[in-house]
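Going by numbering that gives the first Met the number 0, the first residue of the sequence shown is number 0, and it counts up by one from there.
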Amino acid sequence: MPIAVADAPGAYEIDFLADDGAKLASAKLTIRATSFPTQNVVLAPQIEALHSTPEDIATLTEFRNTVSDVKYWEDPLTAPVPGCVLSPFGVKRLHNGKPTGEFHAGIDQRSPAGRPIHAVAAGTVKIAQPFAVLGGTVAIDHGQGLETMYLHMAKLLVAPGAHVEKGEVIGYVGATGRANGPHLHWVVDVNGVPVNPQQWVTLKSCSSGKTQPKTK
Ligand SMILES: [Zn+2]
């Protein structure tokens, strides 16, 4: 089960329910405190002005709210591109010095434009289209609540409905949408909640040169 960035630290009890709502069992859960750094992103005015349309938001919400039955994924996932992590998950974002109220719901990996992007696990392509803010986007349902998205792509090689295998090339790195240069922003959702992709793959940070611990 996912823990959302906004969930408060503390002790929780989780209930396991049958289809009819009857309580089958319960378990104790502790959410520990963490802190996320703040990052300012410098954007050109015409890039900062990009906003999602209601249609874009509806398409993405429907994708996030779908949990399909068949599990196509296995742990660990493979990295979609080989580059180091420029910006980690959970960072509080400012645009040109102004707080946005948004957090970084994925990670950014360094990559030149045109590098192939690989599916991190097998699954079914649900979205393959350009969005104003996200740019060229592919979204894959890997089954049983695990979904990934790949943003700012230059070129998409897959279409909705396609089955992809782990490692299959789904498109190429770009800087489309609200991006200040070529990189790959990708997202892992568990049951519709964005979680830290670095709990699923081992990647180096660009700043420290150290490998991030795999903590899942
Ligand atoms: Zn990003």
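A virtual CB, placed ideally from N, CA and C, is assigned to each residue, including glycine. As the structure is a computational prediction, the values presented were derived from the model and not from experiment.
For Glu101, the enclosing beta strand (DSSP E) stretches over residues Lys97 to Phe102. Residue pairing by DSSP places Leu28 opposite Tyr11 in a beta bridge. Burial is judged here by how many other beta carbons sit within 10 angstroms of a residue's own beta carbon; Gln197 has at least 16 and is buried.
In the three-state DSSP reduction, Asp188 falls in the strand class (E or B). Counting other Cβ atoms within 10 Å of its Cβ, Val168 stays below 16 and is therefore classed as exposed.
As the crow flies, the alpha-carbon of Leu155 is around 30 Å from that of Asn95. The beta carbon of His103 sits closer than 7 Å to at least one heavy atom of ligand 1. In terms of Cα proximity to His141, the closest of Thr123, Ala127 and Ala131 is Thr123. In this structure, the CA atom of Asp19 is about 20 Å from the CA atom of Met0.
With 16 or more other Cβ atoms from the protein chains shown falling within 10 Å of its own Cβ, Thr136 counts as buried. Between the C-alpha atoms of Ala24 and Phe15 there is a straight-line separation of about 5 Å.
Beyond the five residues adjoining it in sequence on each side, Pro36 comes within less than 7 Å, by CB distance, of Val90 in the same chain, given in chain order. Under DSSP, Ile169 forms no beta bridge with any residue. If you draw a straight line from the Cα of Ala17 to the Cα of His151, it comes to about 41 Å. Boundaries around Asn64 are those of the alpha helix (DSSP H), Pro53 to Asn64, since no beta strand (DSSP E) includes it. Counting other Cβ atoms within 10 Å of its Cβ, Gly100 stays below 16 and is therefore classed as exposed. Counted as a single uninterrupted DSSP element, the alpha helix (DSSP H) harbouring Ile46 occupies residues Pro44 to Glu47. Rounded to the nearest whole angstrom, the CA to CA distance from Gly170 to Gly134 is 13 Å.
With distances taken between CA atoms, His182 lies nearest to Gly82 out of Val189, Glu73 and Gly82.
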